[in-house]
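A short write-up of the structure that comes next.
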Amino acid sequence: MESITPSNLFRERSDSRAVGSRRGEWRYRAFSYLVLTICALTMVVPFIWMLSTSFKPEKEILRRNFFPNQATVDNYSEVITETDLPLWYKNSFIVAVFSTISVAFFDSLAGYVFAKYQFPGKRPIFIIFLTSLMVPTEMLIIPWFIMSSNPPIGGSWVDTYWGIAFPGVITASGIFLMRQFMQGVPDELLDAGRIDGVSEFGLYWRVAVPLSLPAIGALCIFNFLGNWNAFIWPLIATSKSEMFTLPVGIQLFSSEAQTPWNLIMTGASLSVVPLLIVVIIFQRYIIEGIALTGLKG
Amino acid sequence: MWTLARRKVVWAYIFLAIPIVFFAYIRIYPALFAFQMSLHDYNPLATEQPYVGLDNYEKLVNELNKRKSPTKAAFQNTANYLLLGVPIQLCLALMIALMLNEIRFMSTFYRIMFFLPFVTSTIAIAWVFRMLYQPRFGLINVMLQLVSLPQQPFLNSPKQALPSVLSLVIWQGMGFAVIIFLAGLKQIPRTYYEAAEVDGASRWHTFRFITLPLLNPTIVFLLVLQTISFLRMFAPVLAMTEQGRGGPLDSTTTVVLRVYREAFTSFDMGYASSLTVVLFAFILIITIIQLRVTARRVN
Chain A
5 MESITPSNLF
15 RERSDSRAVG
25 SRRGEWRYRA
35 FSYLVLTICA
45 LTMVVPFIWM
55 LSTSFKPEKE
65 ILRRNFFPNQ
75 ATVDNYSEVI
85 TETDLPLWYK
95 NSFIVAVFST
105 ISVAFFDSLA
115 GYVFAKYQFP
125 GKRPIFIIFL
135 TSLMVPTEML
145 IIPWFIMSSN
155 PPIGGSWVDT
165 YWGIAFPGVI
175 TASGIFLMRQ
185 FMQGVPDELL
195 DAGRIDGVSE
205 FGLYWRVAVP
215 LSLPAIGALC
225 IFNFLGNWNA
235 FIWPLIATSK
245 SEMFTLPVGI
255 QLFSSEAQTP
265 WNLIMTGASL
275 SVVPLLIVVI
285 IFQRYIIEGI
295 ALTGLKG
Chain B
547 MWTLARRKVV
557 WAYIFLAIPI
567 VFFAYIRIYP
577 ALFAFQMSLH
587 DYNPLATEQP
597 YVGLDNYEKL
607 VNELNKRKSP
617 TKAAFQNTAN
627 YLLLGVPIQL
637 CLALMIALML
647 NEIRFMSTFY
657 RIMFFLPFVT
667 STIAIAWVFR
677 MLYQPRFGLI
687 NVMLQLVSLP
697 QQPFLNSPKQ
707 ALPSVLSLVI
717 WQGMGFAVII
727 FLAGLKQIPR
737 TYYEAAEVDG
747 ASRWHTFRFI
757 TLPLLNPTIV
767 FLLVLQTISF
777 LRMFAPVLAM
787 TEQGRGGPLD
797 STTTVVLRVY
807 REAFTSFDMG
817 YASSLTVVLF
827 AFILIITIIQ
837 LRVTARRVN
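Here the protein sequences line up with chains A and B, keeping their order. Using the numbering used here, you'd call the opening residue of the first sequence number 5 and step up by one each time. Using the numbering used here, you'd call the opening residue of the second sequence number 547 and step up by one each time.
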């Protein structure tokens with residue numbers, strides 16, 4: 005079996021026509037396209053409905069038309085000016101970027117150490133890191149909440165960026181992934197660097213990191229998406245609207261009794277569409293990344 | 547003088563210092579803290595958090611033995627979500643992956659379509675589904691009327707609410723399973739298929755005796771991952787039910803929703819912690835089973 009690397013995972017199979025000679029093949033293929041098209045439509049219709057409703061004036065909500073008769077952008081200006089949505093955007097962005105940078109650095113550094121260093125206690129430490137994967141976030145949120153209200157350093161962490169981000173600044177799954185990758189860094193290269201007087205950190209930074217950029221990239225994309233969409237902890241870690249992240253803001257804004265559906269759909273569109281665009285641009289890397297982290301993890 | 551080996555050991559510890567402190571303080575300690583809380587009557591607003599032994603667990607058992615209780619409903623629903631959701635999701639995903647694997651024209655396009663829901667915010671998309679399910683003006687009821695079928699209450703009916711929420715979860719998580727299955731399928735050597743074709747094996751036989759057995763590791767992996775994610779279900783129920791209560795009549799509530807309510811609405815954090823300990827136990831059992839199964843395969 006060939007090894008999994010980002011480049012060969014989704015390379016088009018050059019011999020995929022080999023199976024095409026089977027009898028009734030075209031019928032199967034036509035059937036496949038039919039089923040896939042129906043399924044793909046099911047996947048996109050909710051998004052189109054969301055967008056379409058976001059352009060409807062309120063009086064059109066109860067009508068049964070799919071597309072608005074009189075499209076309007078009033079919903080957008082209302083949501084942007086009347087709610088803290090721009091702030092929720094900013095908060096989600098800051099938290100996601102901060103966690104992602106931290107994860108990229110610490111996970112790759114720890115992964116490098118586990119892959120390339122021998123030291124007493126290596127196995128137990130690694131096992132403890134991995135065991136923490138089994139503890140669900142849901143079990144930790146209550147203790148985190150108590151700890152955040154009364155932390156060892158400084159005042160309450162509630163309603164601060166650090167308070168939202170701290171659980172995700174280093175991840176066990178990322179360390180595991182990076183360790184797998186860093187094992188592929190040649191020891192000869194590191195030893196040659198040592199002879200040339202490169203510092204241990206320099207070896208990580210100038211040899212190991214450049215050689216594992218694809219894996220670090222996949223890790224970053226995932227981590228960003230995960231943090232951007234994270235919900236349960238930000239819901240608990242924030243109490244002021246100015247500090248909500250996007251999902252928390254959308255949930256609390258939409259749950260208010262008077263919120264009309266067209267505004268809810270506008271909020272949803274604003275939170276989903278920019279991400280969808282980014283995802284479509286980077287789709288290749290993301291799909292490869294899912295497969296990669298999935299198979300390694 | 548320091549030898550190189552000793553210098554490397556020192557550097558290893560320096561590099562790992564922050565991660566070790568992090569895992570000890572942010573992951574391990576809170577997990578132990580949760581166990582400890584579950585043995586106390588832990589109300590963060592009260593002045594004292596008395597030790598009550600296994601009282602919270604006793605309460606949990608009592609709740610489960612009642613004919614009807616929110617906790618019992620939460621466990622039953624979570625089991626339903628899981629037992630229905632995991633097989634349906636994996637079968638659909640496998641079917642789609644098998645089809646996607648054999649087409650070339652527009653295959654990237656389809657792949658993007660399938661994984662778009664997976665990367666969108668659950669909360670936002672749950673609200674979209676909530677609107678789709680609305681009586682009269684919700685898209686699904688509009689379409690039912692177009693083809694002269696009776697209107698359905700969906701989220702307003704204690705019977706239909708759970709399948710309605712489940713549909714969203716399956717819809718959203720399927721793309722992930724499709725992509726993992728595709729990656730698994732690419733790993734199967736082509737020669738097996740060529741041999742099967744030379745032998746004149748039917749499509750079904752090829753699937754049954756080549757694809758399925760060789761895909762087994764992928765299936766086990768997805769089974770475990772999806773089971774755990776169904777056990778942890780929370781956000782869709784919060785967003786799709788009236789005031790996030792898991793209604794109507796507790797018909798959609800989940801274990802994690804109960805944890806959230808008990809801990810942050812009733813401030814009964816001791817009882818909520820005992821629920822999370824049970825959740826942890828389930829995840830632990832599933833992981834151990836996975837490790838056993840995977841280990842046996844290797845041997």
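Each residue gets a CB set at the ideal place from its N, CA and C atoms; glycine is no exception. Note that the structure is a prediction, hence the values are computed from the model and not measured.
Which of helix, strand or coil does DSSP assign to Y588 of chain B?
-> coil
Amino acids of chain A, ordered along the chain, whose beta-carbon sits closer than 8 angstroms to that of K554 of chain B | Within 8 angstroms Cβ-Cβ: Y121, Q122, F123 and E204.
Check the Cβ of P140 of chain A against every Cβ in chain B and list those closer than 9 angstroms, keeping chain order.
-> I774, L777, R778, V802, T822, L825, F826 and I829
Where D796 of chain B falls, given that 16 or more other Cβ within 10 Å makes a residue buried | buried
Would you report the Cα separation of I686 of chain B and G793 of chain B, rounded to the nearest angstrom?
-> 20 angstroms
Quick one: does G790 of chain B have its CB under 8 angstroms from some CB of chain A?
-> yes
Please go through the same chain and pick out, in chain order, the residues whose beta-carbon is closer than 6 angstroms to the beta-carbon of G178 of chain A, but skip the five residues on each side of it.
-> V107, D111 and L223
Please list, in chain order, all residues of the same chain as L830 of chain B whose beta carbon is under 8 angstroms from its beta carbon, the five residues on each side excluded.
-> none
Is I174 of chain A close to chain B, meaning its C-beta is less than 8 angstroms from at least one C-beta of that chain?
-> yes
Could you work out which residue in A:L279, A:I294 and A:Y289 is closest to I671 of chain B when comparing CA atoms only?
-> A:L279
What separation, rounded to the nearest whole angstrom, lies between the Cα atoms of D191 of chain A and K120 of chain A?
-> 8 angstroms
Counting contacts by CB-CB distance shorter than 8 angstroms, is L784 of chain B in contact with chain A?
-> yes
Interface partners of F170 of chain A on chain B, CB under 8 angstroms = What F170 of chain A touches in chain B: I572.
Check the Cβ-Cβ distances between F185 of chain A and every residue of chain B, and say whether any is below 8 angstroms.
-> no
Burial state of L768 of chain B, where buried means 16 or more other Cβ atoms lie within 10 Å = buried
DSSP three-state assignment for Y597 of chain B, whether helix, strand or coil = In this structure, Y597 of chain B counts as strand in the three-state DSSP scheme.
May I ask you to list, following chain order, the residues of the region 54-85 of chain A that have a beta carbon less than 8 angstroms from some beta carbon of chain B?
-> M54, T57, I65, L66, R67, R68 and F70
Residues in the region 641-657 of chain B having any Cβ partner in chain A nearer than 9 angstroms | M641, I642, L644, M645, L646, N647, E648, I649, R650, F651, M652, S653, T654, F655, Y656 and R657
Touch test, the region 246-262 of chain A against the region 196-204 of chain A, Cβ-Cβ under 8 angstroms, three pairs minimum = no
For A261 of chain A, three-class secondary structure by DSSP | coil
Does the region 645-654 of chain B come within contact of the region 723-734 of chain B, defined as at least 3 CB pairs closer than 8 angstroms?
-> yes
Alpha carbon to alpha carbon, how far is T800 of chain B from A809 of chain B?
-> C-alpha separation (whole angstroms): 14 angstroms.
Near-chain A residues of the region 709-729 of chain B (beta-carbon distance less than 8 angstroms), N- to C-terminal order = W717, G721, F722, I725, I726, L728 and A729
beta-carbon F828 of chain B near the ligand HEM non-hydrogen atom, thresh 7 angstroms | Inclusion of the ligand HEM in the displayed structure is not the case, the ligand content being empty and no account of it being possible.
Taking only runs of the beta strand (DSSP E) that begin and end inside the region 150-179 of chain A, which ones reach a length of at least 3 residues, in chain order?
-> none
For N69 of chain A, which of helix, strand or coil comes out of DSSP?
-> coil
Between Q287 of chain A and chain B, is there a C-beta pair that is closer than 8 angstroms?
-> yes
Say whether chain B places a C-beta atom closer than 8 angstroms to the C-beta of F110 of chain A.
-> Yes, because at least one Cβ of chain B sits closer than 8 angstroms to the Cβ of F110 of chain A.
Check distances from the C-beta atoms of the region 624-640 of chain B to those of chain A and list, in chain order, the residues that come in under 9 angstroms.
-> L638
Residue span of the alpha helix (DSSP H) that contains A111 of chain A, given as start and end = Residue identity check: residue 111 of chain A is Asp in the sequence provided, not Ala. Here the alpha helix (DSSP H) through D111 of chain A covers L89 to K120.
To which residues of the same chain is W92 of chain A closer than 7 angstroms at the C-beta, ignoring the five residues directly before and after it?
-> F248, T249, L250 and G253
Should A558 of chain B be labelled buried (16 or more other beta-carbon atoms within 10 Å of its own) or exposed?
-> Taking every protein chain shown into account, the CB of A558 of chain B has 16 or more other CB atoms within 10 angstroms, so this residue is buried.
Would you mind sorting I716 of chain B into buried or exposed? The rule is 16 or more other CB atoms within 10 Å of its CB.
-> buried
Within 10 angstroms of its Cβ, does I834 of chain B collect 16 or more other Cβ (buried), or is it exposed?
-> exposed
Output, in chain order, the set of chain A residues within a Cβ distance shorter than 7 angstroms of A558 of chain B.
-> V117, Y121 and F123
Can you list, in chain order, the residues of the region 735-760 of chain B whose Cβ is nearer than 8 angstroms to any Cβ on chain A?
-> P735, R736, Y739, E740, E743 and R749
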